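Peer 1: Here it is, the structure, as structure tokens.
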Amino acid sequence: MPRQARINLVGIPQHIVQKGHNRLPCFFDDEDYEFYLKSLRAASDQYQVEVHAYVLLPNAIQIIATPRIDKGVSSMMQSLGRRYVQYVNHRYKRSGTLWEGRFKSSLIDSENFLLTCYRYLELRPLHLGLVDELSEYRWSSYHHHCGNEVCSLIQDHRLYLQQGENREERCNAYSESFRYRFDRRLLNYVAETVNMGQVLGGDAFKEKIEKVANHRVRPLKRGRPRKKKAELEEESS
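Once you know that position 109 of the sequence shown is 109 in the UniProt record's numbering, the rest is easy, because the numbers rise by one and skip nothing.
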């Protein structure tokens, strides 16, 4: 299925991916990661976007966020991308872009996939061989969700808050989910969906998005359209 037009809906979480140009690094030391996170916090506040989860990889950024105003995510990512490129170009005396085209995004059926997307992001450093243990990787929301630290950037989604009555219970419940093997097919589905700009969810959620956005997100059925009953009766008469 080809890439779909970007759909931005207020109140619907999005999985956002921004990759380095030609898969080249976009972070070169700890100061770069820290500057990006500081800039993300400022841009998310400015454009009223709630950041729920993130991972900063050497050559890519992934974020789970919910916009509270129209085009909030697009405005945030454009502002953030420009500011970070200016910072890198100035600091390292370079020119040109860091990014591989525009960022990619997909709407998330939060009831069925939101926490799955959290884990997908936070497992990336392990799956890419960057660390042996998730606790060793500094640049993700894993530490916030599992209780090692409180990150001021993160605004907890209600589904995460429902994991327990207090922070300790929530962190323990969320940490427990990492003890079980993650379905590789599900990982691939999450990755494919955002890379193609599709909607991550079931048919009921996709139908809801189509009605609200007035835009088709499900593929048309193949083959000739079925004839109506009246047409069949007319042909047989």
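Yeah, the Cβ is synthetic: ideal placement off N, Cα and C, and Gly gets one too.
Quantities reported herein were computed from a predicted structural model and do not represent experimental measurements.
Is the beta carbon of residue 164 less than 8 angstroms from the beta carbon of residue 158?
Peer 2: No, they are not a contact pair.
Peer 1: Please confirm if residue 70 has its CB atom under 8 angstroms from at least one CB of chain D.
Peer 2: No chain D is present in this structure, which holds just one protein chain.
Peer 1: Give me the Cβ distance between residue 62 and residue 121, rounded to the nearest whole Å; I'm assuming they're in contact under 8 angstroms.
Peer 2: With 8 angstroms as the limit, residue 62 and residue 121 qualify as a contact, their Cβ atoms being about 5 angstroms apart.
Peer 1: Please state if the CB of residue 213 and the CB of residue 7 are separated by a distance shorter than 8 angstroms.
Peer 2: A contact, by the Cβ cut-off of 8 angstroms.
Peer 1: According to DSSP, which residues form a beta bridge with residue 106?
Peer 2: DSSP lists 15 as partners of residue 106.
Peer 1: Between the alpha carbons of residue 151 and residue 22, how many angstroms are there, rounded?
Peer 2: Spanning the two alpha carbons is a distance of roughly 31 angstroms.
Peer 1: Could you tell me how far apart the beta carbons of residue 15 and residue 117 are, in whole angstroms, since I believe they sit closer than 8 angstroms?
Peer 2: Yes, they are in contact, since the Cβ atoms of residue 15 and residue 117 sit about 5 angstroms apart, within 8 angstroms.
Peer 1: Go to residue 66, then tell me how far its beta strand (DSSP E) extends in each direction, as first and last residue.
Peer 2: 60-67 is the extent of the beta strand (DSSP E) around residue 66.
Peer 1: Taking the C-alpha atoms as reference points, what is the distance between residue 81 and residue 195?
Peer 2: When rounded, the distance between both Cα atoms is 18 angstroms.
Peer 1: If you count every other CB in all the chains shown that lies within 10 Å of the CB of residue 108, and 16 or more means buried, which is it?
Peer 2: Answer is buried; the Cβ neighbour count reaches 16.
Peer 1: Mark residue 127 as exposed unless 16 or more other C-beta atoms lie within 10 angstroms of its C-beta, in which case mark it buried.
Peer 2: Its Cβ having fewer than 16 others within 10 Å, residue 127 is exposed.
Peer 1: I need the DSSP call for residue 30, collapsed to helix, strand or coil.
Peer 2: Helix at residue 30.
Peer 1: Beta-carbon within less than 7 angstroms of residue 180's beta-carbon, same chain only, minus the 5 sequence neighbours each way: which residues are those?
Peer 2: Cβ neighbours of residue 180 beyond the five flanking positions: none.
Peer 1: Would you identify the three-state DSSP class for residue 232, choosing helix, strand or coil?
Peer 2: Because residue 232 carries a pLDDT of 48, less than 50, the predicted location of this residue cannot be relied on, and no value is offered for it.
Peer 1: Straight-line CA distance for residue 295 to residue 204?
Peer 2: This structure does not reach residue 295, given that the chain is present from 1 up to 237, and the question cannot be answered.
Peer 1: In angstroms with no decimal places, state the Cα-to-Cα distance between residue 246 and residue 92.
Peer 2: The requested residue 246 is not part of the displayed model; the chain covers only 1 to 237.
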